Structure formats: structure tokens, C-alpha cells
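Asker: To convert, note that position 94 of the sequence shown is 552 in the working numbering; the numbers rise steadily by one, no gaps.
All residues carry an ideal CB built from backbone N, CA and C; glycine is no exception.
Since the model is a prediction, treat every value here as computed from it, not as a measurement.
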Amino acid sequence: MGKQDMKKYNMDYVRISKSPCMNEIGKKKYGFDYDKALLEYKYFVGEKMSRKEWKKLKDCKKCNSYFEWEKSVMNENKEKTKIQLTEFEHYLDNKISMLKPQKNVYTILCSAFLGAIATYLCDHINHFFNLENDYQFTLFIVIIIIFPFLIIFAVWIMCKVMLPLWSTNTESTFLNEYRKIIKRMLDK
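#1: Quick one: any contact between the stretch 542-559 and the stretch 480-487, if contact means 3 or more CB pairs under 8 Å?
#2: Which whole-angstrom value is the C-beta distance of CYS568 and MET616, which I expect to be below 8 Å?
#3: Along the chain, which unbroken stretches of the alpha helix (DSSP H) at least 4 residues long are found entirely within the stretch 483-540?
#4: To the nearest angstrom, report how far apart GLU635 and LYS486 are at their CA atoms.
#5: Would the stretch 638-646 count as touching the stretch 525-535 if we require 3 or more Cβ pairs under 8 Å?
#6: Is THR631 buried or exposed, if buried means 16 or more other CB atoms sit within 10 Å of its CB?
#7: Could you pull out every residue in the same chain whose Cβ sits closer than 7 Å to the Cβ of LEU497, ignoring the five residues on either side in sequence?
#8: Between the Cα of CYS521 and those of TYR499, ALA576, MET507 and SER475, spot the shortest distance and give me the residue it belongs to.
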């Protein structure tokens with residue numbers, strides 16, 4: 459094996475992060491396109507999707523009932539042997555376990571950010587309360603107008619950033635439902 463061949467061989471096994479690697483394993487080993495399957499599920503359950511997701515949905519099957527979706531999942535996996543289905547079930551278990559730590563991290567980050575914002579605002583309110591009587595108008599403007607605006611703005615930014623991250627509930631439900639279908643196929 460030459461130097462170039464060894465480099466290419468090693469690059470096939472370099473993992474940048476777990477999630478893209480797992481998605482690639484799903485595509486190569488099981489023929490499971492996670493993003494496409496999740497889009498189909500989001501459409502079926504009526505989940506809010508971005509414009510980018512709607513554009514990708516043109517290439518996907520659109521199921522309107524659970525029975526249709528279950529049937530399409532079974533059709534996609536009917537050629538697999540029991541061993542392949544068992545391996546695929548373990549793959550889905552691994553994907554489910556990857557979502558659980560994210561929820562804990564997001565909760566910690568949210569509480570830390572909200573605490574930091576509240577501390578910052580409280581420190582500055584104390585500073586403005588220490589102003590002399592000459593600055594009553596400034597104090598009024600700061601307390602009545604600026605601080606509520608800052609609080610609303612900070613909460614709005616946090617919601618915009620964190621809401622897409624909290625959507626793991628749809629993903630975990632999707633993976634659990636998919637796993638149930640595979641389990642039923644194994645039990646037959």
C-alpha cells in the first residue's frame with residue numbers, strides 16, 4: 459500500500475464528530491438516509507419546517523397517515539435479513555442515546571445565559587439607582603424604557619437561538635417510532 463493509498467484509507471476512518479459519522483454509517487451500511495427519513499416524518503406529523511426543508515421535501519415520500527408511513531418504512535427494510543435488522547435496531551438505539559445528553563447541555567446553557575443576563579441587568583440597575591437627584595429624567599428613561607427593552611431583546615435572542623436546539627423531541631419520537639417498526643419486523 460503506497461503513501462497515497464494509506465492516506466486515503468486513513469481518511470475514510472477519521473471522525474470529525476459523532477452525528478455526521480453516524481449518518482454516514484446509516485447511509486452506507488443500512489441504506490438509511492436519516493435527514494430524508496426525518497423530513498418525511500416531520501411532514502407526516504405536521505411539524506414546522508424551514509423553507510430549506512420544504513425544498514428538500516420535494517424528493518421525499520409524503521405520507522398522510524401513520525399506516526402509510528409505517529408501510530413505507532417496512533417496504534424500505536423488507537429486503538434486510540434478521541441480522542441486518544438487529545444491527546439496524548442497535549444503530550437506532552445509538553442514535554437515540556446521542557440525543558439525550560443534548561437536552562441536559564441545552565438546559566445548563568439556558569440557565570447559565572439567563573443567570574448571566576439577570577446578573578448584568580441587576581448590577582446596572584444598582585449603578586443607576588446611585589445617581590444623584592440631578593439625573594431623575596435619565597433614571598426614569600433607563601428604568602422604564604431601556605431595561606425592559608433589553609430584557610425582552612435578550613429573551614428573544616435566546617428563544618431564536620435555543621428553540622431549534624430544543625426540537626430533539628421530534629427526533630427522539632421519530633427514532634423511537636422507527637425502532638418500534640423495526641422491532642415488529644424482527645418479531646414476525
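Answerer: Here's the rundown:
#1: Taking a cut-off of 8 Å on C-beta distances, the stretch 542-559 touches the stretch 480-487, as three or more cross pairs fall below it.
#2: Locating residue 568 in the sequence shown gives position 110, where the first residue counts as 1. Locating residue 616 in the sequence shown gives position 158, where the first residue counts as 1. Confirmed, about 7 Å.
#3: Listed in chain order, the complete alpha helix (DSSP H) runs (minimum 4 residues) inside the stretch 483-540 are 492-503, 509-514 and 524-535.
#4: Here residue 635 is taken as the residue at index 177 of the sequence shown, counted from 1. Here residue 486 is taken as the residue at index 28 of the sequence shown, counted from 1. Using only the alpha carbons, I get a separation of about 22 Å.
#5: With contact defined as three or more Cβ pairs closer than 8 Å, the stretch 638-646 and the stretch 525-535 are in contact.
#6: Within the sequence shown, numbered from 1, the residue matching residue 631 stands at position 173. By the neighbour-count rule (16 or more Cβ atoms within 10 Å), THR631 is not buried but exposed.
#7: One-based indexing of the sequence shown puts residue 497 at position 39. Contacts found: GLU511, LYS514, LEU515 and CYS518.
#8: What you label residue 521 is simply residue 63 of the sequence shown in a count that begins at 1. Answer by Cα proximity: TYR499.
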